[in-house]
Amino acid sequence: MAGVLGVQTLGFSPAEGRVVYFAAEDDEGELRRRGHDILRSLGRTWADLSGDMRVIPMAGKDAELVTERRRSRELELTTLAKRITDLLAEFRPRLLILDTAADVFGGDEINRKQVRFFVSMLRRIAMGFDLAVLLLSHPSVAGMQTGTGLSGSTAWNNSVRSRLYFTADKTDEDLRLLKNMKANYGRKGAETKLRWHEGAFILDDGKPTAHAALLANHADEVFLKLLSSINGSGRRVSSSRSTAYAPTVMAALPEREGASKRALEEAMARLFTENKIAVVKEGPPSRQRERLVVVEDEVRQKRMTSD
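Quick note: the sequence shown uses my numbering, first residue 9, plus one each step.
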């Protein structure tokens, strides 16, 4: 979408031009919802695309562009592949996205010859229509364990010009890492940190940004609201790591509004620094218990008691 709009995104400046997105995993409703969130993160709407993006929803349909002949096991192009090339000739996009390889490739993913045939077909499309082809694929279990992100024949990696691997962070559920695994015309191994926020990914480069400030403010507000609610119900949470550790308890609540445990931990640290939360001790000296409270709530309660 950023390419269609001609805007920077996630630290990149994509070439401006039309896009065809061949989507075989998600239905039209899901694609529209996700597209709305992405456009909102860019400060745009569907109308801003001006018809320069074609989304082809193929979920639940036969999306194969190549299929295997029964007897010879040779691959051949499908009728759908011909329809796609006709669309490319008419629409003239700069980018063709195929989502995913498992849906559009009707061959054997471990068969080197078949994989090379398929990638060669995509290369002919790219050269013939002067566009880039982005093929999305899921890694195998082994590919995830080794960190290569591969699945099937090594020809998937060897036959392409570049390959990116998108992984989730093990400690922060909203953080992702986009790593350059192969680059014939660039630096291999380059990494970009991204963060999931309100249905779209934003750049997370460790520098203070408007988005980062929004995320922090959101986490602070959620923490204060949940802490007030927890205390109001008579329960207790603690700032110390235990079964009552506040960020852990809050992260399990449906009212957390998407805030992760890590975001809530960072919010707790900020709120302590800003003196917006505090630890109070209750009970007799021999059996004192600690409770994490919202300072404003405590002040309000004392005023009501004194009145």
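Backbone N, C-alpha and C fix where the C-beta goes; we use that ideal spot for every residue, glycine too.
Since the structure is predicted, the reported quantities are computational estimates derived from the model, not experimental observations.
| Query | Result |
| --- | --- |
| Buried or exposed for Y193, going by 16 or more other Cβ atoms inside 10 Å? | exposed |
| Jot down the residue ranges of each uninterrupted alpha helix (DSSP H) in the stretch 264-291, minimum 4 residues, whole runs only, in chain order. | 269-281 |
| How big is the Cα-Cα spacing for K90 and R52? | 33 Å |
| On the three-pair Cβ rule with 8 Å, is the stretch 28-45 touching the stretch 55-74? | yes |
| Should F20 go down as buried or exposed, given a rule of 16 or more other Cβ atoms within 10 Å for buried? | exposed |
| Relative to the alpha-carbon of V63, which residue among V302, L96, L223, D228 has its alpha-carbon at the smallest distance? | L96 |
| Please go through the same chain and pick out, in chain order, the residues whose beta-carbon is closer than 7 Å to the beta-carbon of L211, but skip the five residues on each side of it. | L18, G19, L202 |
| Count the other CB atoms, across all protein chains shown, that sit within 10 Å of the CB of Q296; report buried if there are 16 or more and exposed otherwise. | exposed |
| From the DSSP output, which residues share a beta bridge with F113? | V74 |
| Would you tell me roughly how many angstroms separate the C-alpha atoms of S248 and E273, rounded to the nearest one? | 11 Å |
| So is P101 buried or exposed if we call it buried at 16+ other beta carbons inside 10 Å? | buried |
| Let me know the secondary structure DSSP gives L142 once reduced to three states. | strand |
| Output the boundary residues of the beta strand (DSSP E) element that contains L88. | Not the beta strand (DSSP E): L88 falls in the alpha helix (DSSP H), residues 87-99. |
| Express the C-alpha separation of R308 and V149 in angstroms, rounding to a whole number. | 55 Å |
| Need the endpoints of the beta strand (DSSP E) that N188 sits in, please. | 183-191 |
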